[in-house]
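One structure is given here, and the rest of the page talks about it.
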Amino acid sequence: MGKINGTGVRLRAFRADDADALAAGFDDQISRSFLPPLPSPYTVAHAERYIAEHVVATSAEGGALYAIADPGTDELLGGIGFDKVVPVRRQAEVGYWVGPWARRRGVATAALRALSAHALGHGLERLELLTHLDNPVSQRVAMAAAFQREGLRRGAQLGRDGARDDMVVFARLAGDPDEPAPRLLPDLPGGELSDGVVRLRPLGPGDNAFLTELLILPDVIATSVPPERPSAERIRRRCERAETQWLGGTRADLVIEDAATGAPVGDIGLFYDDPFTQQAMIGYSMLPAYRGRGFPTRAAQLLSLWVFAETDVVRLAAGTAPDNLGSQRVLEKAGFHREAYLRARLPGPDGTRVDDVQYVLLAEDLLD
Numbered sequence: 038m039g040k041i042n043g044t045g046v047r048l049r050a051f052r053a054d055d056a057d058a059l060a061a062g063f064d065d066q067i068s069r070s071f072l073p074p075l076p077s078p079y080t081v082a083h084a085e086r087y088i089a090e091h092v093v094a095t096s097a098e099g100g101a102l103y104a105i106a107d108p109g110t111d112e113l114l115g116g117i118g119f120d121k122v123v124p125v126r127r128q129a130e131v132g133y134w135v136g137p138w139a140r141r142r143g144v145a146t147a148a149l150r151a152l153s154a155h156a157l158g159h160g161l162e163r164l165e166l167l168t169h170l171d172n173p174v175s176q177r178v179a180m181a182a183a184f185q186r187e188g189l190r191r192g193a194q195l196g197r198d199g200a201r202d203d204m205v206v207f208a209r210l211a212g213d214p215d216e217p218a219p220r221l222l223p224d225l226p227g228g229e230l231s232d233g234v235v236r237l238r239p240l241g242p243g244d245n246a247f248l249t250e251l252l253i254l255p256d257v258i259a260t261s262v263p264p265e266r267p268s269a270e271r272i273r274r275r276c277e278r279a280e281t282q283w284l285g286g287t288r289a290d291l292v293i294e295d296a297a298t299g300a301p302v303g304d305i306g307l308f309y310d311d312p313f314t315q316q317a318m319i320g321y322s323m324l325p326a327y328r329g330r331g332f333p334t335r336a337a338q339l340l341s342l343w344v345f346a347e348t349d350v351v352r353l354a355a356g357t358a359p360d361n362l363g364s365q366r367v368l369e370k371a372g373f374h375r376e377a378y379l380r381a382r383l384p385g386p387d388g389t390r391v392d393d394v395q396y397v398l399l400a401e402d403l404l405d
């Protein structure tokens with residue numbers, strides 16, 4: 038196995054003296070549930086067997102496992118490789134890990150770029166990469182290395198609890214551009230939006246308690262689609278997978294905060310369900326104690342400004358129940374124009390259908 042040089046990394050063969058660092062790296066990955074079921078704790082003896090047996094077996098099956106090393110010190114930073122080779126299709130599956138001592142330095146992206154260029158230049162024509170739905174860090178690595186998201190593979194990996202986990206699928210082909218594909222929904226500038234009164238930040242795993250308090254309010258349930266109380270598992274997954282949705286360009290979930298206190302007071306979301314015609318929707322909810330203070334109007338204006346400035350959306354819609362005059366006033370103050378009354382558009386309680394009043398905002402409306 039020869040060496041592969043990348044930007045700030047070197048891919049080389051594993052050595053016996055890598056066992057201590059490899060064990061520490063694998064043990065960290067297992068604790069975060071980002072590796073298939075392996076012995077836990079993962080000991081140095083396990084690492085020694087990995088180097089002596091698993092690396093050799095992978096090579097015998099047509100794959101390759103490399104140590105990611107610092108090109109200056111030769112310190113082990115992580116591991117990367119490909120297996121599950123299908124010769125007739127000229128494809129394989131890539132995997133990688135980086136030790137906690139080497140993160141936030143671009144190591145994984147540099148290693149993945151180096152391995153991809155080598156593999157796709159030496160016989161393979163398609164590389165697949167699978168990541169967990171709650172592992173947006175790995176998804177960002179894949180995208181930065183010019184892999185393109187293809188969809189969701191259901192039950193692709195056996196989890197530690199015995200259940201099968203869905204995985205996000207990325208792929209890179211031999212003829213793909215070397216630069217990352219533009220994202221439909223880029224990150225917020227500085228990680229947030231604010232006008233000094235309200236602040237919008239991405240929803241995350243730490244927001245489970247707040248989101249539960251908000252989404253189980255009777256009036257919030259009544260205006261949800263469908264109008265049903267969400268389960269605790271559904272709320273947990275929404276928080277844990279919000280960044281994955283954002284990276285995938287389908288949905289941007291944000292928490293509305295009181296800028297003065299930092300308290301979460303509501304949520305607002307962008308749903309980009311029609312990129313082909315460049316149309317998206319927004320929806321929002323507020324805790325009762327913070328209603329009547331203009332927060333949702335400010336939030337809608339902030340989000341709209343970002344949408345028209347940073348995405349290719351040209352038409353932003355929002356819907357309200359015909360009798361929800363408060364929400365209609367919010368949209369009108371934010372610059373939206375009433376456009377249509379859609380009969381029986383949405384599912385209602387007990388199998389019924391409910392009407393929807395549609396409001397629309399264009400970029401020129403904000404200027405007006």
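All the letters of the sequence shown, read from the start, carry residue numbers 38 to 405 under this note's numbering. No residue lacks a Cβ here, since even glycine has one placed at the ideal position from N, Cα and C.
query                                                                                                           : result
Test item: CB-CB of Val397 and His374 under 8 Å                                                                 : yes
Exposure of Thr314, with buried meaning 16 or more beta-carbon neighbours within 10 Å                           : exposed
Straight-line gap, Leu368 to Pro223 (C-alpha atoms, nearest Å)                                                  : 24 Å
Whole-angstrom distance between Pro264 and Arg390, CA atom to CA atom                                           : 11 Å
Stretch-stretch touch, CB-based, cutoff 8 Å, three pairs: the segment 294-313 with the segment 267-277          : no
Run of the alpha helix (DSSP H) containing Ile258, from where it starts to where it stops                       : Pro255 to Ala259
Status (buried if at least 16 other CB within 10 Å, exposed otherwise) for Ile293                               : buried
Minimum C-alpha distance to Pro255 - residue among Met323, Ala181, Asp111 and Phe119                            : Met323
Own chain partners of Ala147 with C-beta closer than 8 Å, once the 5 adjacent residues on each side are dropped : Gly43, Thr44, Gly45 and Val46
contact_flag[the segment 245-261, the segment 191-208] where n(CB pairs < 8 Å) is 3 or more                     : no
Beta-carbon proximity of Arg335 to Val235, cut-off 8 Å                                                          : yes
Proximity winner among Glu162, Ile105, Ser341 and Arg191, relative to Ala208 (alpha-carbon distances)           : Glu162
Contact set for Phe332: own chain, Cβ-Cβ below 7 Å, skip 5 residues either direction                            : Val235, Ile293, Val302, Gly303 and Met323
From Val92, Val206, Asp107 and Glu347, residue whose alpha carbon lies closest to that of Ala101                : Val92
Beta-bridge pairing of Val131 - partner residues as DSSP gives them                                             : Phe119 and Leu166
Counterpart residues of Pro239 in DSSP-defined beta bridges                                                     : Leu291
Ala208 - containing beta strand (DSSP E), residue span                                                          : Arg201 to Leu210
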